[in-house]
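Participant:
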Amino acid sequence: MKLLDVVALTQSLPEKHLTRGQVGTIIEELDTGVYEVEFSDLNGKAYAMAAVEERNLMPLLHCAIAA
16 MKLLDVVALT
26 QSLPEKHLTR
36 GQVGTIIEEL
46 DTGVYEVEFS
56 DLNGKAYAMA
66 AVEERNLMPL
76 LHCAIAA
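Reminder that position 40 of the sequence shown reads as 55 in our numbering, one-by-one numbering, no gaps.
(1) Which whole runs of the beta strand (DSSP E) in the segment 29 to 59 are 3 residues long or more, in chain order?
(2) Taking the alpha carbon of Met16 as the reference point, which residue from Val52, Ile80 and Cys78 has its own alpha carbon closest?
(3) When you compare only the Cα positions, how much space is there between Leu75 and Glu30?
(4) If you check the beta carbons only, do Leu33 and Ala65 fall under 8 Å apart?
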């Protein structure tokens, strides 16, 4: 994964009030396999930020890729 990738949570983060499936954007790599993810509403207003391990993120794709 890389900066500005759009991702979805695959695990809820109850301590951050974030649930599985919420969509965010990677804004920083904190450590190997750990990213700072910003979660924003449909108007672009950030409502949460969290450090998330790569294993708890799924990249969202907006175009076709070769299988």
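A virtual CB, placed ideally from N, CA and C, is assigned to each residue, including glycine.
Facilitator: The short version:
(1) Scanning the segment 29 to 59 from its first residue to its last, the whole beta strand (DSSP E) runs of 3-plus residues come out as 38 to 46 and 49 to 55.
(2) Taking the first residue of the sequence shown as 1, we reach residue 16 at position 1. By alpha-carbon distance to Met16, the top candidate from Val52, Ile80 and Cys78 is Val52.
(3) Walking along the sequence shown from the start, residue 75 turns up at place 60. Walking along the sequence shown from the start, residue 30 turns up at place 15. Computed Cα separation, rounded: 24 Å.
(4) In the sequence shown, the residue the question calls residue 33 occupies position 18. In the sequence shown, the residue the question calls residue 65 occupies position 50. A contact, by the Cβ cut-off of 8 Å.
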